[in-house]
Every structure is written in structure tokens, then in C-alpha cells.
Amino acid sequence: MSKKLEQLLICGTREALLSKEMEKEFYNLEQGFRGENEQMEWFKKYGSEHWHYVSNYWFNHGKLMEADMLVISEQEWLVIEVKNYHGLFEYKDRECYINGRLMSDDQVAKMNHRLNRIRHIAAEVSSEIKVVGAMVFINEHSDVRLDNGNEFDIVMRNQLQRFIRKFRERNDYPLSNQKFDRVSRVLKKHQATSPFVPKSLPLESFAELRKGITCKACGSFETQSKYKSIKCRSCLTTEHKHEAALRTAYQLRYLYYDHPEMLTRRNIYEFCGKLISERTISRALTSRYKIIGATSSLYYDIQI
């Protein structure tokens, strides 16, 4: 899961007011995340136990780009781009349209370029590795029209099982440890950090956020403070107060991504709905994180 999506999910849980732009971004990221997860379930079910998967691989090979998923086998790499579009995706005159609306990027050209770059990366492992690609339209309501050929397969949801099985017929044998180590080193060599990072909520929004501790199992706010634990009244899950404090502080850190100074003991105490004492919060976070700042404004250096 990307950092931006994780932040937006926390925003939803904490009932933060989002701009129209952030709401749209949340929807797009969530749709993409669901599509990628669903596709992974298909590969786990119908694929080979010998395959290795690399998800959301950001890399720099002449240009910064991302592969939704790489499927690594002994002789072939499969580069997958997942689309969870609802409706008609069209490619004509080198332009992409979704339900008749012009898209900002040429997804087909980007996929072709992505394949080309990963072929160069794979060649550093072995010149015998074949790199193939697929753009998977996982949404059951997707339709696709392309006006010319391309270097990769178009796979609809109802074709995915057969596609995976055909790939398995060619690649159902183990990848040697020595070769996998070489693959890992080469992928790490070109790996890059995602340029898409969360933007902080306005500092004044803190007062409006929903306070409390969510259940680590069901996500409910129906939690209560016990002697050394937090207990969920909905599903009866218990969590040690130290762990609950760390987890809740982590949520706060995501919401104020550019403002680590928000992670004061008092703010965390209020964010927890005062279910954990400031003393317990201090013990939990001091054991894990460095303290920064002057006496009057100490905060915990939580890196994400």
C-alpha cells in the first residue's frame, strides 16, 4: 500500500474533511489498490509456487517509472499493469480515453516504454531472460478498444485465469537460489523511491479529527481502557497499551506528514481519546523513538 493511500484511509477513519481533489485521489488510489490485490489473489491461486512477485516496483533506468507487479520465473519475467476501470477504455490516435473522456497520460506508450526498460534490466541478470507484458483489466465492467497493436497482451477479467495457466505451462519450475540472488541485486540496483508522498493536513484540523483508539482487528472505535490493555467491545480483541499507543501515534504521524513536531506527548494523548495516560505514552514512545526539541515542545521522531 502506498503512503498516500494509507494516509487517506486514516483520514477516512478519523473523519477528516478532504478537499474534492483529495477525495478524487482517494477514490483512484483505492480502486487501484483493490484491483492489484484482487489480481494477486488470482496469481496465488492459479500460478506456480516457484514464482517470485515484486509489487509496486519503482525504478530508475533512464527515467523514473513504476511496474504494478513483476512475476519472476527462471526464464521469463512478466510485467503487469493493472487497470480497475469501470467502463470503456479506448486507445486511438495515440490518446487514451475512459468513457469518452481524454486521459492525461498515454497509458499504452508508458507500458511499452516500461517493458523496454525492464528488458534492459533483465539482461543484466541474463541475456536469455524473456520479458513479456500484460495490461490486466480486472474490473468486470471493463471494455477495451485499441486502434493498433502493441508489445503486450490485453487481458480481461474473464481471460485472466487462462492467461495465468498458459504462463505457468511455460514457467513451472524452480528459480535457483543463485539466480534469485542475482535478480534481487539487479532489481535493488535500479530501485527508486516513489515520488508520490502524502501532504499534511492543515495543523488547525487536529481539533476536528475523531479522537480515540481504533481496534487493531476490526477498526472500530468501540474500545475501552483496561489496566494494561485496550479492549474492543465489538470483537473483544485486546491490545497492550504500549502497542496501542505506538500504533495510534503512527496514524497521527501519517496525517501530519510534513509536520513531525505534531507528535508531542500531549497531542498523542488527546488523539488517543485520553484512553492511555501521558505517562504510559511517554514510556511506550521513548523506548522506540528519539526525542527532539526543547523542553517546552518535545516531540517524537517517528520516521515513515
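Residue 0 is where the sequence shown starts when you use numbering that gives the first Met the number 0, and the numbers rise one by one after that. A virtual CB, placed ideally from N, CA and C, is assigned to each residue, including glycine. Note that this is a predicted model, so its numbers are computed, not measured.
Compute the distance between the beta-carbons of residue i and residue j, then report whether it is under 8 Å.
| i | j | result |
| --- | --- | --- |
| valine 143 | glutamate 75 | no |
| leucine 245 | arginine 252 | no |
| histidine 49 | tyrosine 172 | yes |
| serine 296 | glutamate 260 | yes |
| valine 182 | valine 124 | yes |
| isoleucine 163 | methionine 134 | no |
| cysteine 271 | threonine 236 | no |
| glutamate 221 | isoleucine 229 | no |
| aspartate 67 | asparagine 55 | yes |
| asparagine 138 | glycine 292 | no |
| glutamate 14 | arginine 209 | yes |
Output needed for residue i: all residues of its chain with C-beta closer than 8 Å, excluding positions within five of it in sequence on either side, in chain order.
| i | result |
| --- | --- |
| lysine 3 | Glu24, Leu28, Phe195, Val196, Pro197 |
| aspartate 104 | Cys95 |
| isoleucine 120 | Phe58, His60, Val185, Leu186, His189 |
| glutamate 10 | Note that residue 10 is cysteine in the sequence shown here, rather than glutamate. Here the set comprises Leu17, Met21, Phe25, Leu200, Leu254. |
| arginine 167 | Tyr45, Gly46, Ser47 |
Among the options, whose alpha-carbon lies nearest the alpha-carbon of residue i?
| i | options | result |
| --- | --- | --- |
| isoleucine 117 | Gly99, Arg167, Gln160, Leu63 | Leu63 |
| leucine 8 | Gln250, Gly272, Thr294 | Gln250 |
| asparagine 305 | Tyr256, Thr285, Gln223, Ala191 | The first residue shown for the chain is 0 and the last is 303, placing residue 305 beyond what the model contains. |
| serine 47 | Gln160, Ala122, Asp92, Glu269 | Gln160 |
| threonine 213 | Gln6, Thr12, His258 | Thr12 |
DSSP has residue i in a bridge; who is on the other side?
| i | result |
| --- | --- |
| isoleucine 310 | Only positions 0 to 303 of the chain appear in this structure, which leaves residue 310 out of reach. |
| cysteine 95 | Tyr90 |
| leucine 186 | Answer by DSSP bridge pairing: none, since leucine 186 is not bridged. |
| glycine 132 | Val78 |
| histidine 239 | Ser228 |
| asparagine 59 | Leu63 |
| arginine 144 | Glu89 |
| valine 53 | Leu69 |
| aspartate 152 | Ala133 |
| threonine 304 | Look at the range of the chain in this structure, 0 to 303, and you will see that residue 304 is not part of it. |
Among residues of its own chain, excluding the 5 on either side of residue i, which ones have a beta-carbon nearer than 6 Å to its beta-carbon?
| i | result |
| --- | --- |
| glutamate 150 | Asn111, Leu114 |
| valine 53 | Leu69 |
| leucine 87 | Asn98, Asp142 |
| asparagine 170 | Ser72, Glu75 |
| leucine 145 | Tyr90 |
| serine 224 | Leu274 |
| lysine 109 | none |
| alanine 283 | His241, Ala244, Leu245 |
Starting from the C-beta of residue i, find all residues in its chain whose C-beta is less than 7 Å away, skip the five residues before and the five after it, and write them out in chain order.
| i | result |
| --- | --- |
| glutamine 106 | Cys95 |
| lysine 289 | Asp300 |
With a floor of 3 residues, list each beta strand (DSSP E) that falls wholly inside the stretch 13-48, ordered by position along the chain. Fully enclosed beta strand (DSSP E) runs of 3 or longer: not present.
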